[in-house]
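Asks: Numbered per my numbering, the sequence shown spans residues 284 to 440. Cβ atoms here follow ideal geometry from the backbone N, Cα and C, with glycine treated the same way.
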Amino acid sequence: MRALADAVDWIDIAQTPGEAREIVAVGHLALVPGLEVDAPGGWHTEEELRLAAEKAGVPPATLIARLVADLYAKGIRHMFITHGPNGWAGGSAMFVRTYDASNHLASGRSFAVESAPPSSASPTASTTTASTAAPSPNGWPTTACRDCCAAVARRTR
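1) What does the Cβ neighbour count give for VAL309, buried or exposed, with the cut at 16 atoms within 10 Å?
2) Contact defined as beta carbons within less than 8 Å: I believe GLY373 pairs with HIS327. What is the distance between those atoms, to the nearest angstrom?
3) The alpha helix (DSSP H) that contains ASP353, what's its start and end?
4) Return the residue from the list MET284, ASP295, ASP321 and ALA313 that minimises the CA-CA distance to SER390.
5) Find the nearest neighbour of ALA297 within the set THR381, GLY340, ILE306 and ALA290, judged by alpha-carbon distance.
6) Quick check: ILE359 and PRO400, are their CB atoms within less than 7 Å of each other?
7) Please go through the same chain and pick out, in chain order, the residues whose beta-carbon is closer than 8 Å to the beta-carbon of ALA384, but skip the five residues on each side of it.
8) Could you check if LYS325 is buried or exposed, using at least 16 other CB atoms within 10 Å of its CB as the buried criterion?
9) What do you reckon, are the CB atoms on LEU314 and MET284 nearer than 7 Å?
10) Look at the alpha carbon of LEU388 and the alpha carbon of ALA339, and state the distance between them as a whole number of angstroms.
11) Alpha carbon to alpha carbon, how far is GLY301 from SER393?
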């Protein structure tokens, strides 16, 4: 990512929401370092996480907090903690049937599809739009994607 940002004059890396806004304001594309991974920490299942925590002599939440702190120190600012197989952090990409094979290899189980309970739905998810939403809980503006895409469009015209 650093090599890409260094190679062109219209891409910059943002480490904070303020930096992202400043980058976009001057017409550049703001890259936010992130990670997409099936098994954050190398734990494919809740059982693997529990066993690793037991071995370390700490609660699972402490292992997760250490992982997040380590990734943050390395510059990671967002994570997509699911991808192909189900994991301790969330469900999988159900739109591709072949992901069930990787899910079975990683966890020893096939997909288990469940409906989310109504209480877990975000009350703002269906009532806000990208153009009117307030900043997200982590501070990143929900309009960032729209603004960055507009900046790229201006640069490629």
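Replies: According to the structure data:
1) exposed
2) Between HIS327 and GLY373 the Cβ distance is about 12 Å, and since that is not below 8 Å, they are no contact.
3) 343-356
4) ASP321
5) ILE306
6) no
7) none
8) The sequence given here places Gly at residue 325; Lys does not occur at that position. So GLY325 ends up on the exposed side.
9) yes
10) 25 Å
11) 43 Å
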